[in-house]
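Asks:
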Amino acid sequence: MNKLLNVSASPHVRDKTTTSDIMRDVIIALLPATVFGIYNFHFDAALVIAVTVITCVLSEYLFEYFMKKPITVKDLSAVVTGLILALNLPASVPLWLPVIGGIFAIIVVKQLYGGLGQNFMNPALAARCFLLISFTGRMTNFVYDGMTSATPLAIMKNGGSYDLLSMFIGNINGTIGETSAIALLLGAAYLLLRHVIKLTIPMTYLITFAVFTLVFSPRQFDLYYLGCQLCGGGLIFGAFFMATDYVTSPITTKGQIIFGIILGILTGLFRFFGSSAEGVSYAIIISNLLVPLIERYTLPTPFGKEGVKNEQ
25 MNKLLNVSAS PHVRDKTTTS DIMRDVIIAL LPATVFGIYN FHFDAALVIA VTVITCVLSE
85 YLFEYFMKKP ITVKDLSAVV TGLILALNLP ASVPLWLPVI GGIFAIIVVK QLYGGLGQNF
145 MNPALAARCF LLISFTGRMT NFVYDGMTSA TPLAIMKNGG SYDLLSMFIG NINGTIGETS
205 AIALLLGAAY LLLRHVIKLT IPMTYLITFA VFTLVFSPRQ FDLYYLGCQL CGGGLIFGAF
265 FMATDYVTSP ITTKGQIIFG IILGILTGLF RFFGSSAEGV SYAIIISNLL VPLIERYTLP
325 TPFGKEGVKN EQ
């Protein structure tokens, strides 16, 4: 009988896809937004991206080396963290700022909690929020074509209007990677085709935010305004590239739907009722913290699990 059965520890369902394969696909998917960001903001953007990625990789390598832990930089997760953080930064920031952000993301948020798979929130977004709180002026100083100007969302929040086509293409001000909706959507399509992500979280997020905008925004049931809100800021970037992070999002379909609804509501609250014109980063970070609670109530009962006996 023993020869017929092979008893082994879980997981029993395996896939040949490795962490480095997934991270490589994410990097490829981010290339359109990265290239457009460099085109849009020139050499300054390329420098910020290079410094942030190098800082993240070095931080992970040095921490693991001195802590005598296995070196994991080959899995490319530090590269992805650095790239996402860089694309969330203005091209005009001084270079010491992405260095601080990269160290915070890798060491404080990722490594101190056990490394890849153990962090309770997205490291890149946690670092961005940390930088926004600590260096608000520098993180909200946007320069485009040599001129300092407000982002489209800030203009709309103050009652102004903006060209939807420009926002869709990306000829606007903002952080390096958030400006071009079409570049981000191309990357998202690649991730979907490669089965790296599913549509559940992004679509629930975007639909919930759209409904919230139509009902509660200053310009209710204005479809043009809705289009600008969807293309503006980091909404598409966050929905497809950050909210879908395997480690910090629910694993069940029901949990992912709840997660997406919370994301959409929080983003709407921050954008339309908060002091800032943005809100995606904070919405994702807060929702990350709620994932254990969401999974507690959405995980299915294991097959064959004994029920609670009634007290006599």
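Yeah, the sequence shown ends on 336 if you go by the numbering used here, and it's all consecutive.
Don't be surprised by glycine CBs; every beta carbon is placed ideally from N, CA and C.
(1) Let's test the definition: count the other Cβ atoms within 10 Å of the Cβ of residue 261 and tell me whether it reaches 16, buried, or not, exposed.
(2) Scan the segment 213 to 287 and note each continuous alpha helix (DSSP H) run of 4 residues or more that stays entirely inside, going in chain order.
(3) With DSSP as the reference, label residue 168 as helix, strand or coil.
(4) Relative to the C-alpha of residue 176, which candidate in 130, 161, 202, 154 has its C-alpha closest?
(5) Under 8 angstroms: do the segment 243 to 253 and the segment 263 to 283 share three or more Cβ pairs, one atom per stretch?
(6) Go ahead and label residue 320 buried or exposed: buried means 16 or more other beta carbons lie within 10 angstroms of its beta carbon, across all protein chains shown.
(7) Between residue 164 and residue 90, what straight-line distance do the alpha-carbon atoms span, to the nearest angstrom?
(8) Count the other CB atoms within 10 Å of the CB of residue 211; is the residue buried (16 or more) or exposed (fewer)?
(9) In whole angstroms, give me the CA-to-CA distance for residue 103 and residue 53.
(10) Taking the alpha-carbon of residue 227 as reference, which of 281, 215, 76, 160 has the nearest alpha-carbon?
(11) Is it the case that the Cβ atoms of residue 76 and residue 125 are separated by a distance below 8 angstroms?
(12) Is DSSP giving residue 85 helix, strand or coil here?
(13) Are the CB atoms of residue 313 and residue 65 within a distance shorter than 8 angstroms?
(14) Closer than 6 angstroms by C-beta to residue 230: which residues in its own chain qualify, once you throw out the five before and the five after it? Chain order, please.
(15) Taking only the alpha-carbon atoms, compute the straight-line gap between residue 157 and residue 121 and give it to the nearest angstrom.
(16) Between the beta-carbon of residue 323 and the beta-carbon of residue 268, is there less than 8 angstroms?
(17) Going by alpha carbons, who is nearest to residue 133 out of 87, 112, 169?
Replies: Put simply:
(1) Classification for residue 261: buried.
(2) The DSSP assignment places 224 to 240, 247 to 255 as complete runs of the alpha helix (DSSP H) inside the segment 213 to 287, in order along the chain (cut-off: 4 residues).
(3) It is a strand residue.
(4) The candidate whose alpha carbon is nearest that of residue 176 is 202.
(5) These segments do not touch.
(6) The residue is exposed, with fewer than 16 neighbouring Cβ atoms inside 10 Å.
(7) For residue 164 and residue 90, the distance between alpha carbons rounds to 36 angstroms.
(8) Buried: at least 16 other Cβ atoms inside 10 Å.
(9) The alpha-carbon atoms of residue 103 and residue 53 are separated by roughly 13 angstroms.
(10) With distances taken between CA atoms, residue 227 lies nearest to 281 out of 281, 215, 76, 160.
(11) Note that the C-beta distance between residue 76 and residue 125 is below 8 angstroms.
(12) Of the three classes helix, strand and coil, the one that applies to residue 85 here is helix, per DSSP.
(13) In this structure, residue 313 does not lie closer than 8 angstroms to residue 65 by Cβ.
(14) Apart from the 5 residues on each side of it in sequence, residue 230 sits with its Cβ closer than 6 angstroms to the Cβ of 263 in its chain, given in chain order.
(15) C-alpha separation (whole angstroms): 13 angstroms.
(16) Going by C-beta atoms, residue 323 is not nearer than 8 angstroms to residue 268.
(17) Ranking 87, 112, 169 by Cα distance to residue 133 puts 87 first.
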